[in-house]
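Visitor:
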Amino acid sequence: MAIIGGGPAGYTAAIRGAEYGLKVALIDKSDRLGGTCLLVGCIPTKALLFNAEIWDHLQHAAEFGIGGIGTPTLDWAAVLKRKDAIITKHVKGLEFLMRKHKIATTKGYGRLTGPAVDGVHTVEVTTASGEVSQVSAKNVILATGSEAKLLPGLVADDRILTNIEILSLNQLPKSLVVIGAGAVGMEFASLFRTFGTEVSILEFLPRVVPVEDEEISKEMTRLYKKRGIEVNTGAKVETVEKTEGGVKVTYTDANGKAQVKEAEKVLVAVGRAGLTTNVGVDKTRVVVERGLVKVNEAQETAEPGVFAIGDIVAGMPQLAHVGSMSGMVAVAKIAGRKFRPIRHDRIPGCTYTEPQIGSVGLTEAQAKEKGHEVKVGKFPFAGNAKATIVGNHDGFVKIVSDAKYGEILGVHIIGPQATELIAEAVAVLELEGTVEEMMYTIHAHPTLAESLLDAYGSVEGMAINA
Ligand SMILES: Cc1cc2nc3c(=O)[nH]c(=O)nc-3n(C[C@H](O)[C@H](O)[C@H](O)COP(=O)(O)OP(=O)(O)OC[C@H]3O[C@@H](n4cnc5c(N)ncnc54)[C@H](O)[C@@H]3O)c2cc1C
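Heads up: the sequence shown begins at 18 in our numbering, then just goes up one per residue.
Next up, the structure:
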């Protein structure tokens, strides 16, 4: 098989294909494998957010009885250097894995030439220097990923930023307007606020992190405001202009009033567009809707032998772990192995802000919409001893369950280590666990995970620590 795109979706598919004994070619236009996730997405942002966490701890060193810190200073260049070293290490790791699995990697721009001829597809590959070659394969997987959407008329530069430019700023901005309060916008807002930047968020929808349970959005807004982040929801951005020293954003606020916000930089984080133009799908039966590819439960497109995985797939959250799993599904189908289609209601979502969010399954509103008789439990981290130990009491765990059999339908966590804690909940949903089963599942003490135990108990009004 041939895979176009070496991000988490594409490289996972390549490795799994080799594990199944398939002959695999992986084509990527970039000099480095890893895609958005490794080069300008998940990994660099989480690296910087970890720096922010350490910085935050240092501000409170005295509280923990640690003296001699004085006034910590931030060496931003060193912060970026560490981030870049992490990326390089993992790019090398991927190169090693490609060699280990004897995957033929080709650097160049891949394009399908059309439908298969006698069951064989052809991918035309053009290198940066213009050399053209061809890769033939029985099956082709499209894994070309996505890029940041900009507002109409805007071009990214050193002041109007997307996730790419903001990751290489040579200085911390004094002020930043973030347009869009999804995970990407919220994470950069959190990161720069920790380092002292004045941050204002403009979100068109009525709440931040709009895919999350409403109570999570509410708590997030409260805690961001407490951190000095300005949160404007229901805000419709009208124009973004450059001024002498920065940028000026005009918007209509939730009351319909015209407002102006000036800052040194603006981050546009209003979603991501699938990279599906100019990859040859127009010459095939592949169905593309609003830039995203329609697939069936085996990740097959309407063109026989052509699959699509990762961020370019319609109706799937654009997340690295969804991309890699969709790659594993596609390859299992190609290799004639058993596979389990991706269940949309069992995809964890993590936002690595301060406070963190980890969630899986149905929100309370979604569960009600689906006709469940919903029973909810909620436990605040304030009642958890480990949260006191780590000095972070903000947030809660919320359980959404079905009253009839007690099946757990959704778990929504905001607070310390939420992005790690959610793993238990994903397993619970995957195994169709009930509130009763989880109430009697022993959780080690003292752990943040015990807040889940108390949250399961709270569904029956039987939390111990609250
Ligand atoms: C700032 C930011 C933070 C994020 N944080 C997280 C996170 O914490 N957790 C999470 O799960 N997700 C996160 N994401 C989302 C995640 O990065 C994407 O969901 C993931 O990278 C998608 O993987 P992919 O393989 O489909 O596409 P990509 O990672 O975009 O990879 C696509 C690859 O295809 C190549 N390519 C494109 N067109 C062609 C062509 N025609 N020929 C050859 N090669 C081509 C590109 O060079 C690229 O290497 C984040 C995204 C951003 C922007």
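Even glycine gets a Cβ: it sits at the ideal position worked out from N, Cα and C.
Whole angstroms are fine: how far does the CA of Lys415 sit from the CA of His460?
Guide: Position 443 of the sequence shown, counting from 1, holds the residue named residue 460. Position 398 of the sequence shown, counting from 1, holds the residue named residue 415. Cα-Cα distance, rounded: 17 angstroms.
Visitor: Would you kindly work out how many angstroms separate the C-alpha atoms of Asp174 and Glu255, rounded to a whole number?
Guide: Residue 174 sits at position 157 when you count from the first residue of the sequence shown. Residue 255 sits at position 238 when you count from the first residue of the sequence shown. Asp174 and Glu255: Cα-Cα distance of roughly 19 angstroms.
Visitor: Taking only runs that begin and end inside the stretch 247-275, name each unbroken beta strand (DSSP E) of 3 or more residues, in chain order.
Guide: Runs of the beta strand (DSSP E) inside the stretch 247-275: 247-250, 253-259 and 264-269.
Visitor: Any heavy atom of ligand 1 inside 8 angstroms of the beta-carbon of Pro13?
Guide: Because the chain in this structure spans residues 18 to 483, residue 13 falls outside the shown range and cannot be described.
Visitor: Span of the alpha helix (DSSP H) holding Ser468?
Guide: Within the sequence shown, numbered from 1, the residue matching residue 468 stands at position 451. Where Ser468 is concerned, the enclosing alpha helix (DSSP H) stretches over Glu467 to Val476.
Visitor: So what does Thr143 bridge to, in DSSP terms?
Guide: For the purposes of this step, residue 143 is taken as residue 126 along the sequence shown, with counting starting at 1. According to DSSP, Thr143 bridges with Tyr126 and Val149.
Visitor: Please report how far the alpha carbon of Thr250 lies from the alpha carbon of Asn68, in whole angstroms.
Guide: Counting from one through the sequence shown, the residue named residue 250 turns up at place 233. Counting from one through the sequence shown, the residue named residue 68 turns up at place 51. The straight-line gap from Cα to Cα measures roughly 28 angstroms.
Visitor: Would you call the stretch 214-230 in contact with the stretch 174-194, where contact means no fewer than 3 C-beta pairs closer than 8 angstroms?
Guide: Result yes; three or more Cβ-Cβ pairs closer than 8 angstroms.
Visitor: Does at least one heavy atom of ligand 1 sit under 8 angstroms from the Cβ of Gln335?
Guide: For the purposes of this step, residue 335 is taken as residue 318 along the sequence shown, with counting starting at 1. The answer is yes for Gln335.
Visitor: Mind listing, in chain order, the continuous alpha helix (DSSP H) runs of no fewer than 4 residues lying wholly within the stretch 82-129?
Guide: Those alpha helix (DSSP H) runs which fall completely within the stretch 82-129 and span 4+ residues are 93-117.
Visitor: Figure out for me which residue from Thr294, Met237 and Gln316 has the closest Cα to the Cα of Ser343.
Guide: Reading the sequence shown from its first residue, position 326 is the one you call residue 343. Of the listed residues, the one whose Cα sits closest to Ser343 is Gln316.
Visitor: Under three-state DSSP, which class holds Thr53?
Guide: The sequence position of residue 53 within the sequence shown is 36, counting from 1. In the structure shown, Thr53 sits in a helix (DSSP, three-state: H, G or I).
Visitor: Taking the C-alpha atoms as reference points, what is the distance between Lys385 and Glu231?
Guide: Along the sequence shown, one-based indexing puts residue 385 at 368. Along the sequence shown, one-based indexing puts residue 231 at 214. Each residue's Cα considered, the two are about 13 angstroms apart.
Visitor: Got a sec: does ligand 3 put a non-hydrogen atom nearer than 8 angstroms to the Cβ of His338?
Guide: Although ligand 3 was asked about, the structure shown includes only ligand 1 as ligands.
Visitor: What do you reckon, is the C-beta of Val417 under 8 angstroms from a heavy atom of ligand 1?
Guide: Residue 417 sits at position 400 when you count from the first residue of the sequence shown. Because no heavy atom of ligand 1 lies under 8 angstroms away, the Cβ of Val417 does not count as near it: no.
Visitor: Could you tell me which whole alpha helix (DSSP H) segments of length 4 or greater appear in the stretch 152-235?
Guide: Fully enclosed alpha helix (DSSP H) runs of 4 or longer: 180-183 and 200-211.
Visitor: Could you pull the start and end residues of the alpha helix (DSSP H) that Pro61 belongs to?
Guide: For this step, residue 61 is matched to residue 44 along the sequence shown. First-last of the alpha helix (DSSP H) with Pro61: Cys59 to Gln76.
Visitor: State yes or no: is the C-beta of Glu204 nearer than 8 angstroms to some heavy atom of ligand 1?
Guide: Sequence index remark: in the sequence shown, residue 204 carries index 187 (1-based). The answer is yes for Glu204.
Visitor: Go ahead and pull the three-state DSSP assignment for Thr368.
Guide: The residue labelled residue 368 in the question sits at position 351 within the sequence shown. Thr368 falls in the strand class under three-state DSSP.
Visitor: If we require 3 or more residues per run, which beta strand (DSSP E) segments fall completely within the stretch 374-425?
Guide: Entirely contained in the stretch 374-425, the beta strand (DSSP E) runs reaching 3 residues are, in chain order, 391-397 and 413-419.
Visitor: Alpha carbon to alpha carbon, how far is Leu75 from Thr211?
Guide: Taking the first residue of the sequence shown as 1, we reach residue 75 at position 58. Taking the first residue of the sequence shown as 1, we reach residue 211 at position 194. When rounded, the distance between both Cα atoms is 12 angstroms.
Visitor: On the criterion of 16 or more Cβ atoms from any shown chain inside 10 Å, does Arg33 qualify as buried, or is it exposed?
Guide: Taking the first residue of the sequence shown as position 1, residue 33 is located at position 16. The residue is buried, with at least 16 neighbouring Cβ atoms inside 10 Å.
Visitor: Could you tell me which whole alpha helix (DSSP H) segments of length 4 or greater appear in the stretch 337-362?
Guide: With a minimum length of 4 residues, the continuous alpha helix (DSSP H) runs that stay inside the stretch 337-362 are 337-351.
Visitor: Which of helix, strand or coil does DSSP assign to Lys282?
Guide: Stepping through the sequence shown from its first residue, residue 282 is reached at position 265. Here Lys282 sits in strand by DSSP.
Visitor: Which value, in whole angstroms, describes the spacing of the CA atoms of Asn409 and Lys166?
Guide: Position 392 of the sequence shown, counted from the start, is the residue given in the question as residue 409. Position 149 of the sequence shown, counted from the start, is the residue given in the question as residue 166. So the alpha carbons of these two residues sit roughly 35 angstroms apart.
Visitor: Leaving out five residues before and five after Leu43 in sequence, what residues of the same chain have Cβ atoms less than 6 angstroms from its Cβ?
Guide: The residue you call residue 43 lines up with position 26 of the sequence shown. Within the same chain, Leu43 has close Cβ partners Ile20, Gly23, Ala31, Ile120 and Thr122.
Visitor: Specify the secondary structure class of Ala461 as computed by DSSP and reduced to three states.
Guide: Numbered from its first residue, the sequence shown carries residue 461 at position 444. In this structure, Ala461 counts as coil in the three-state DSSP scheme.
Visitor: Within the continuous alpha helix (DSSP H) that includes Arg289, where are the two ends?
Guide: For this step, residue 289 is matched to residue 272 along the sequence shown. Element bounds for Arg289: not the alpha helix (DSSP H) but the beta strand (DSSP E), Arg289 to Gly291.
Visitor: Note down the Cα distance separating Thr294 from Val428, rounded to an integer number of angstroms.
Guide: Here residue 294 corresponds to residue number 277 of the sequence shown, with the count starting at 1. Here residue 428 corresponds to residue number 411 of the sequence shown, with the count starting at 1. For Thr294 and Val428, the distance between alpha carbons rounds to 37 angstroms.
Visitor: Quick one: is the Cβ of Thr370 within less than 8 angstroms of any heavy atom of ligand 1?
Guide: Start at 1 with the first residue of the sequence shown, and residue 370 comes out as number 353. Not under cutoff, so the answer is no.
Visitor: Does at least one heavy atom of ligand 1 sit under 8 angstroms from the Cβ of Asp101?
Guide: Taking the sequence shown and counting its residues from 1, one reaches residue 101 at position 84. Result no, Cβ not under 8 angstroms from ligand 1.
Visitor: State the DSSP-derived secondary structure class of Asp2, mapped to helix, strand or coil.
Guide: For the chain, the structure presents residues 18 to 483; residue 2 sits outside this window and is missing.
Visitor: Quick one: what does DSSP say Asp45 is sitting in, helix, strand or coil?
Guide: Walking along the sequence shown from the start, residue 45 turns up at place 28. Strand.
Visitor: Bridge partners for Val134 per DSSP, in chain order?
Guide: Within the sequence shown, residue 134 is the residue found at index 117, counting from 1. Note: Val134 sits in a beta bridge opposite Val137.
Visitor: Pick from Glu320, Val377 and Val304: whose alpha carbon is nearest that of Pro334?
Guide: Residue 334 sits at position 317 when you count from the first residue of the sequence shown. Looking at the Cα atoms, Val377 is the closest of the given residues.
Visitor: Express the C-alpha separation of Thr161 and Val140 in angstroms, rounding to a whole number.
Guide: In the sequence shown, counting from the first residue as 1, residue 140 sits at position 123. In the sequence shown, counting from the first residue as 1, residue 161 sits at position 144. Val140 and Thr161: Cα-Cα distance of roughly 13 angstroms.
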